[in-house]
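Engineer:
In this note's numbering, the protein residues as written are 20 to 611.
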């Protein structure tokens, strides 16, 4: 038997090493791009306060985080998880971890989704992941502070992969539940989108029991926000929001073309400058068209899941585009006025996440087809496909370095913690606070004058009431908080505010002294100071105690909401444990 020289690899070993090395390429690119996008956030301590994203050092517990205050459950139960997590991890580190994981897991999920169809497609899967991570939809949702929606978006490809395994008989329904739970617990929109993806992929006429079990799991997982939304005493959604938050043209292609290139958000100030460049926009449109073409080709080859994902992508685009026309806007307005919960359709552009999911899969399929075509002709297949895989980065350079510095972190003034501790020492039953100036969003000089949802809502203990009316361009969208509506009416009419607050059971007034204030707010300050006792006064904040008033109303349906929360949590944790144990047991024993 010939002697083999030590250290010499067999061809099989070389191939295995090469394959393993290639498998690292996709994850490495995803991590690198996520770090590039979030570089300022990751490299410095502090908080990114933009739009609806307001993390705080330690978020105190409040019944509002479970929807027990009767308000609209927009961040339920995500706020509950954030509150719990900040008891053991500083809030700024939690924010960095959440944002980084959202982008990284979005890319990793798309890698797995493409490989579920094309197991050996390394560069094509990487190209699909790059597009899923680096596109206008992700940039604009990050710029507007919708971190919960981004977490749900990151879960979508994982939901799809698990649903495909269930459909193929490789896994049981419980395999889909962990990813569904992440989406449902992060935002209502994420929960609905993930549910739609899972159901359309899994459903088969011959296996209705399996689809019914999945539907039951979907309902249970979404109970934490469904029950508060159905049982709460919030005012009806203002249909004016349909027009205010409708998708807009952010490219020369008009509203519909902008949506096809994954843009079209309603807030013009956050749109990246390159969306005006014809060449870049046309290349972005070409990517979408190519992805759709290869999806259609795959769907025509009797691939039922792809066919359904394609239909779902079309539905997502239609939902996004509907309010851009007069007739479509009237349809959505009618739904908002007459169907409970239809207010979730207002910010229409967010539903593009269904289109983005499908198109990115199609781009992966297209890159694989191009690679095979070039290989067959002796062309530079890897070089060409690798270059095309990075095209999304070239089309959207603004995304780099925290959206060109827009995500720079800041620190809260130390006075905020001192004022919060003063309020924390007061009786818990009396901790209801109104914040002035009367505005949902504030611009602080220490935050670079960036508009952000008032952080006092999450910084201070107890229930914090702010104005929830939203001024959007030439419109004002009325909020759903009935207590806030009464306060706003009193300020608008110039009536004394202290009696109104006492009747609402609001004892404390927090005045943010460095925030821009309107005349109605500043006019109310002298009377409030005369009626109350100063608990804290500093250059940034002033905290007044107006004395005890009427007790805050209790929520009779709170036990039902808690039961729904427990059921959802038990199902989520149980499925995660089950899947983890199953995965461990299925691993081959490599010790012998």
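No residue lacks a Cβ here, since even glycine has one placed at the ideal position from N, Cα and C.
Rounded to whole angstroms, how far is the Cβ of residue 84 from the Cβ of residue 121, which I believe are closer than 8 Å?
Structural biologist: Actually they do not touch by this definition, with Cβ atoms about 20 Å apart.
Engineer: Apply the 10 Å Cβ neighbour rule to residue 611 and answer buried if 16 or more other Cβ atoms are within range, or exposed otherwise.
Structural biologist: Annotation note: pLDDT 36 at residue 611 (below 50); position unreliable, no value reported.
Engineer: Go through its chain and collect everything with a Cβ distance to residue 456's Cβ below 6 Å, but skip five positions before and after it.
Structural biologist: So the list reads 534, 536, 540, once near-sequence residues are dropped.
Engineer: With 16 other CB atoms within 10 Å as the buried threshold, where does residue 188 fall?
Structural biologist: Label assigned to residue 188: exposed.
Engineer: Taking residue 527 and residue 493 to be in contact with their CB atoms under 8 Å, please state how far apart those CB atoms are, rounded to whole angstroms.
Structural biologist: With a Cβ gap of about 34 Å, residue 527 and residue 493 do not count as contacting.
Engineer: Decide if residue 263 is buried, meaning its Cβ has at least 16 other Cβ atoms within 10 Å, or exposed.
Structural biologist: It counts as buried.
Engineer: Might you give, ordered along the chain, the residues of its own chain that have their beta carbon closer than 6 Å to the beta carbon of residue 237, omitting 5 neighbours on each side?
Structural biologist: Around residue 237: 214.
Engineer: Does the Cβ-Cβ distance between residue 381 and residue 310 come in under 8 Å?
Structural biologist: Yes, Cβ-Cβ distance for residue 381 and residue 310 is below 8 Å.
Engineer: State the Cα-Cα distance for the pair residue 297 and residue 410, rounded to the nearest angstrom.
Structural biologist: If I take the Cα positions, the gap works out to 16 Å.
Engineer: What's the call for residue 249, buried or exposed, on a 16-neighbour Cβ count within 10 Å?
Structural biologist: Per the 10 Å Cβ criterion, exposed.
Engineer: On a CA-only basis, which of 327, 361, 484, 503 is nearest residue 221? Give me that one, please.
Structural biologist: Taking only the C-alpha atoms, the option nearest residue 221 is 327.
Engineer: Does the segment 567-582 come into contact with the segment 75-92, if we say contact requires no fewer than three beta-carbon pairs (one atom in each stretch) closer than 8 Å?
Structural biologist: Flag = yes, the segment 567-582 and the segment 75-92 touch.
Engineer: Quick check on the DSSP output: what are the complete alpha helix (DSSP H) runs of length 4 or more inside the segment 195-262, in order along the chain?
Structural biologist: Correct list: 196-205, 207-221, 227-240, 242-250.
Engineer: Just curious, the beta strand (DSSP E) that residue 489 is in, first and last residue?
Structural biologist: Element bounds for residue 489: 489-491.
Engineer: Taking the continuous alpha helix (DSSP H) assigned at residue 531, which residues delimit it?
Structural biologist: Not the alpha helix (DSSP H): residue 531 falls in the beta strand (DSSP E), residues 527-531.
Engineer: Name the one or two DSSP bridge partners that residue 382 has.
Structural biologist: Looking at the DSSP assignment, residue 382 forms no beta bridge with any residue, so it has no partner.
Engineer: How big is the Cα-Cα spacing for residue 557 and residue 501?
Structural biologist: About 31 Å.
Engineer: Spell out the partners DSSP gives residue 482 in its beta bridges.
Structural biologist: Answer by DSSP bridge pairing, in chain order: 451.
Engineer: Taking the alpha carbon of residue 549 as the point to measure from, which residue in 523, 144, 516, 449 has its own alpha carbon closest?
Structural biologist: It is 516 whose Cα lies nearest to the Cα of residue 549.
Engineer: Is residue 564 helix, strand or coil when you go by DSSP?
Structural biologist: Three-state DSSP puts residue 564 in a strand.
Engineer: Could you say which of 530, 525, 412 lies nearest to residue 448 if we only look at CA atoms?
Structural biologist: Minimum Cα distance to residue 448 is reached at 525.
Engineer: Using a threshold of 8 Å, state whether the C-beta atoms of residue 134 and residue 144 are closer than that.
Structural biologist: Result yes, Cβ atoms of residue 134 and residue 144 sit closer than 8 Å.
Engineer: Do you know offhand how far residue 179's Cα is from residue 413's?
Structural biologist: Their backbone Cα atoms lie some 28 Å apart in a straight line.
Engineer: Measure the C-alpha to C-alpha separation of residue 137 and residue 384 and round it to an integer number of angstroms.
Structural biologist: Those two C-alpha atoms are separated by around 8 Å.
Engineer: Keeping to the same chain, check which residues put their C-beta closer than 7 Å to that of residue 261; ignore five residues upstream and five downstream.
Structural biologist: Contacts found: 342, 348, 351, 352, 355, 365.
Engineer: From what residue to what residue does the beta strand (DSSP E) around residue 556 run?
Structural biologist: Element bounds for residue 556: 552-556.
Engineer: In the DSSP assignment, what are the bridge partners of residue 281?
Structural biologist: According to DSSP, residue 281 bridges with nothing at all.
Engineer: In whole angstroms, what separates the C-alpha of residue 211 from that of residue 551?
Structural biologist: So the two alpha carbons sit approximately 46 Å from each other.
Engineer: In whole angstroms, give me the CA-to-CA distance for residue 478 and residue 428.
Structural biologist: Those two C-alpha atoms are separated by around 17 Å.
Engineer: Which one or two residues does DSSP pair with residue 66 in a beta bridge?
Structural biologist: According to DSSP, which records beta bridges pairwise, residue 66 is partnered with 429.
Engineer: So, at 6 Å on beta carbons, what are the nonlocal neighbours of residue 299 in its own chain, with the 5 sequence-adjacent residues on each side left out?
Structural biologist: Contacts found: 293, 414.
Engineer: Alpha carbon to alpha carbon, what distance is there between residue 44 and residue 440?
Structural biologist: Taking the straight line joining both Cα atoms gives about 49 Å.
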